[in-house]
Each structure stands twice: as C-alpha cells, then as structure tokens.
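Visitor: Encoded as structure tokens, here's the structure I'll be asking about.
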Amino acid sequence: MSRSPSSGSSPLRRPENMVHHTMNTNRSSAPSASSNNKVMADGIEGMNRLARWAVAAGIVGSLAACAVGPRVVPEPQPEVPAPEAAMGPAAKQHSKSRWVPVAWSALPGWGQDGLHEAWNALLQGCERPAPGFEAVCAEARPLAFADAARQQAWMQERLQPYRVLEADGREPDGLLTGYYEPIMDATREPTATHRVPLYGVPAGLPATASGQRWYTRQQIDTLPEAQAALRGRAIAWLADPIDALILQIQGTGRVNLTEPDGRVRQVRLAFAAHNGHTYQSVGRWLLDQGAIREASWESIKAWARQNPERLNEMLWSNPRTVFFKEDPLSPLDARFGPRGAQGVPLTPGRSIAVDPQSIPYGTPVWLATQGPALVANRLVLAQDTGGAILGAVRADLFTGWGGWNDEAYRQAATLKQPLRLWVLWPR
C-alpha cells in the first residue's frame, strides 16, 4: 500500500524554515574596528565583502529552495489480480441451480457425523459413478474401514463443498420430505378381498421421453379400450385402493405375495414406467375441498372410509398411474433398499431423491435440516428422483422399509421441513 508524507512540520514540506534562519543571521552586527590601520581596514573590508557574498549566496540558495514544490507522491497502482488458482474454485452453473464454493467450516455440524454410516451409500454410488468421480471412487473403496478422522481428512483433501442456490443465485426455500418402501400383503390372483390390481407395463405405452401421454387413471378404470390394453398385465392384487396409491407414489414396495397354491413369498415390485401425466396430490385435493385438516395418510384413509361414494373422485384427482416390474428378493437384496434412478440400491437415511437438473446422480451431498420430524447435519448421496422432486434445493430422504406401524413409515409420513444442501464435488 502507498503511503502519503506526513502533513506536520517536516522541513521537507515547509522549506521556509531555512529562509527565516538565514535572514536572521544576515542581520547580526560585527564589532566596530579602528579605521586608522588601512591594511587592517582593507583586510576587514575584504572579509566583509566575502561575508556579504556568502550571505548573498545563502539567500539565493534559500530562495531557490523556496521555489521547490512539495515532493510528488506516485499515484497508487491498481492491484494486480492473483492467479486464478490462488483465487479458489469458481461457481458452477446448472440449469436449475447455482453452486457457490464455500469453506468446509461453513457446513453445519461438519466433523460430527458418523461418516462410516454413509460410506456404504458412497460405495454403492461408486458402482455407477458420476462423471468426474472415477478417481475419487477408486480412492474411497480402501477407506471403507478407516476411522472417521481419516475419512474426514480424505474428503476435505479431495472434495470441494459448494452451497446449492437457485439458478439465479437467490437463497432457496429448500424443502425436505421423506419416502419409504412399504411392505404390504397381496395375492397373485384376484380374490373376494383383494380386487385392486397393480399392473406391469402395457403394450404400446409411449416412452416417457416422447412426452406423449397414455390413459389417465380415470380412463384406465372406465374405458374398455384401456382395460383391454391392460388385460393379463396385473402382477398382484391388493385389498385397499389407497394402499395401491401409496405404492405408486412411493414408486416401489415389498409385497408378501400369496400364490394360487397357497405359498407366500416376499417379492419387490419396482417402478417400471408411468402413463406420462403429471402427479397431483390427493391430500392437496382433500385440503382444497375442506374435507380434511392435515394431509396424512391416516386422515386420507379415515376420510375414504367415511365417504366410500366419493373414493373414486378422490383417486381420479391424480391422473398419474405407475406401472411395476417384479424383482426377486434374495436374503442379500432384502438387506438393502430398492434401486433408485441411479441404478444402485438405496441406503436408509443416507440416500436422497433429487432433481437431476440441479444435482447429478451419484453426487455426495451435505444435508442440513431442523424440524419436528428430524434434526440432522449429515452426509447423503443423490441416488434417486421422483415426480414431485423438482427444484434447486428439494430432496426426498429414503427412510427405509416397513409397514404402517414401523418407524420408516412414520418418519416418511411426517417429514416436511426446511432444507439446506451443499454438494461435495471433486477438486
């Protein structure tokens, strides 16, 4: 930084001090001398001439000094920007989000999470790594049995945290919800009690990418041509139409399937396709009707029992229908969740569904949320998506699998609270 000279009484800023001192010396009187001795007089006169010349020279020099202006201070030069590498990583722009680099200390609760609990989800994602994660995944595998301090140090060395914002840089209103894998009873054939079908993919269903729509939920239930297209496509039959809706909304589920010969085996019904229509919440429809006060599945089921004549009206308010495929469930498969959109098994509490136009599949994410259902600062993996999971900071936390009275269901049903996200991207 350039500094300016002091504005005090420095002689450099005030040369008039030298002039005043010289003028005072010139007024000093010499002692009188006798004029009788000419030699002495001439000598004295010569000395006086020399003195006068010296004084004159001093005055001229002093005046010349007065003519010199203040010292010129060079103007400050503009700062030269540091090399790009020293300035840190740049922000990253995506179609639905903007990532802004931050320090690791900006992550709430960083260093307090049990990273080993998330390492399995990380390694699952490494089976199909996101672009740019190949080298990171190769290094992560040997660290599966390392202690938390070593895992944390490695992440800080190899990954850069970015705060996820709206695409225009605004602070987002993030939302976290939950989903789970329900376990239900079903039969292979329709019975007197199980008359609600779960369908496989019908022939002629347009590809999702085409943007074309197939029959709506109401048309599937009422149009002969839609029912003809689905003839012989039922995989299983449930007793409750709302259970079928829940299974479609969750996207996958385990069913204890009773075969025609009486054998019961557990299989997984996984998402295969949908009819191309936009998902609409039946809970929101009931709230708008003033029929319920809170959109919980318990409230929805209670309303359906009390209003059986309006059940189809409620179900048809959601035009989307999901089609399934049957997957065998080995003892090993049963230890993990279903495969998400990334194509890898989901891990309870550590896998999230995201909008892939905001966060790519396979990305490690730091999640921070505080609410009545969950207080958490933890490492999660972006491994799935969903029809209602749209936006920059929008996530659905996979809570596990179970029935109506299990913790996985209760947490998924009650989780709806604010959310902040940071992606952890390779340096």
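For the sequence shown, full-length UniProt numbering assigns the number 427 to the last residue and increments by one with no breaks.
The C-beta atom is built at its ideal place from N, Cα and C for all residues, glycine as well.
Everything numeric in this text was worked out from a predicted model, so none of it was measured.
#1: Mark Asn-275 as exposed unless 16 or more other C-beta atoms lie within 10 angstroms of its C-beta, in which case mark it buried.
#2: Are at least three pairs of beta-carbons, each pair with one atom in the region 404-415 and one in the region 173-181, less than 8 Å apart?
#3: Figure out for me which residue from Ala-106, Gln-112, Thr-385, Gly-88 has the closest Cα to the Cα of Ile-249.
#4: Taking DSSP's pairing of strands, which residues face Lys-92 in a bridge?
#5: Does the region 285-299 touch the region 203-223, meaning 3 or more C-beta pairs lie closer than 8 Å?
#6: Would Ile-235 pass as a contact of Leu-269 if the rule is Cβ separation under 9 Å?
#7: Taking a contact to mean a Cβ-Cβ separation below 9 Å, would you say Asn-318 touches Trp-285 in this structure?
#8: List the whole-angstrom C-beta distance separating Ala-144 from Leu-123, where the pair is believed to meet the contact cut-off of C-beta under 8 Å.
#9: Tell me the rounded alpha-carbon separation between Val-375 and Trp-316.
#10: Find out if the Cβ-Cβ distance for the pair Ile-300, Val-282 is shorter than 9 Å.
#11: Run through the DSSP bridge pairs and tell me what Asn-377 is partnered with.
#12: If contacts are defined as beta-carbon pairs under 8 Å, then Val-377 and Gly-109 qualify, I think. What distance do you get, rounded to the angstrom?
#13: Looking at Tyr-162: is its Cβ nearer than 9 Å to the Cβ of Val-264?
#14: I think Ala-167 touches Ala-392, with their Cβ atoms under 8 Å apart; what is that distance to the nearest whole Å?
#15: Please classify Ala-226 as buried or exposed, where buried requires at least 16 neighbouring CB atoms within 10 angstroms.
#16: By the 10 Å Cβ neighbour count, where 16 or more other Cβ atoms means buried, how is Ala-273 classified, buried or exposed?
#17: Can the beta-carbon of Glu-117 be found closer than 9 Å to that of Arg-350?
#18: So, Lys-96 versus Asp-355, is the Cβ gap smaller than 9 Å?
#19: From what residue to what residue does the beta strand (DSSP E) around Gln-218 run?
#20: What are the boundary residues of the beta strand (DSSP E) that includes Asp-185?
#21: From the DSSP output, read off the bridge partner residues of Asn-256.
#22: Starting from the C-beta of Asp-396, find all residues in its chain whose C-beta is less than 6 Å away, skip the five residues before and the five after it, and write them out in chain order.
#23: Which class does Arg-213 belong to by DSSP, given the choice of helix, strand or coil?
#24: Which residues in the same chain have their Cβ closer than 6 Å to the Cβ of Leu-329, if we skip the five residues on either side of it in sequence?
#25: Taking the straight line between their C-alpha atoms, what separation do you get for Ala-82 and Ala-90?
#26: Where do the ends of the alpha helix (DSSP H) carrying Gly-283 lie?
#27: Excluding sequence positions up to five away, which residues of its chain have a Cβ less than 7 Å from the Cβ of Pro-129?
#28: For Met-184, which of Leu-238, Ala-135, Val-164, Asp-406 has the nearest alpha-carbon?
#29: Please state whether the Cβ-Cβ distance between Gly-403 and Pro-260 is less than 9 Å.
#30: From the DSSP output, read off the bridge partner residues of Gln-160.
#31: What's the gap between the Cα of residue 429 and the Cα of Arg-213?
#32: Inspect the beta-carbon positions of Gly-174 and Leu-419 and report whether they are closer than 9 Å.
#33: Under the rule that 16 or more other beta-carbon atoms within 10 Å means buried, what is Ala-244, buried or exposed?
#34: Just reading off the alpha helix (DSSP H) that Ile-300 is part of, what are its end residues?
#35: From Thr-193 to Leu-257, what distance separates their C-alpha atoms?
#36: What runs of the alpha helix (DSSP H), each 4 residues or longer, lie entirely inside the region 97-133?
Guide: The short version:
#1: buried
#2: Contact holds: three or more Cβ-Cβ distances are below 8 Å.
#3: Thr-385
#4: Trp-99
#5: With the cut-off at 8 Å, the region 203-223 and the region 285-299 do not touch.
#6: yes
#7: yes
#8: 6 Å
#9: 36 Å
#10: yes
#11: Ala-368
#12: For the record, residue 377 in the displayed sequence is Asn; it is not Val. With 8 Å as the limit, Asn-377 and Gly-109 qualify as a contact, their Cβ atoms being about 3 Å apart.
#13: no
#14: 7 Å
#15: buried
#16: buried
#17: Remark: C-beta atoms of Glu-117 and Arg-350 approach each other more closely than 9 Å.
#18: When the beta-carbon positions are compared, Lys-96 and Asp-355 come within less than 9 Å of each other.
#19: First-last for Gln-218: 217-222, but that is the alpha helix (DSSP H), not the beta strand (DSSP E).
#20: 174-187
#21: Asp-185, Gln-266, per the DSSP bridge assignment.
#22: Hits under 6 Å: Thr-177, Tyr-179, Ala-353, Gly-386, Ile-389.
#23: coil
#24: Gln-266, Val-267, Arg-268
#25: Unreliable placement is indicated for Ala-82, whose pLDDT of 45 sits below 50; the coordinate value is still reported in the next sentence. For Ala-82 and Ala-90, the distance between alpha carbons rounds to 14 Å.
#26: 282-289
#27: Cys-137, Gly-362
#28: Leu-238
#29: The answer is no: Cβ separation not under 9 Å.
#30: Trp-425
#31: Since the displayed the chain opens at 1 and closes at 427, residue 429 lies outside it and no answer follows.
#32: yes
#33: buried
#34: Where Ile-300 is concerned, the enclosing alpha helix (DSSP H) stretches over 297-306.
#35: 14 Å
#36: 115-125
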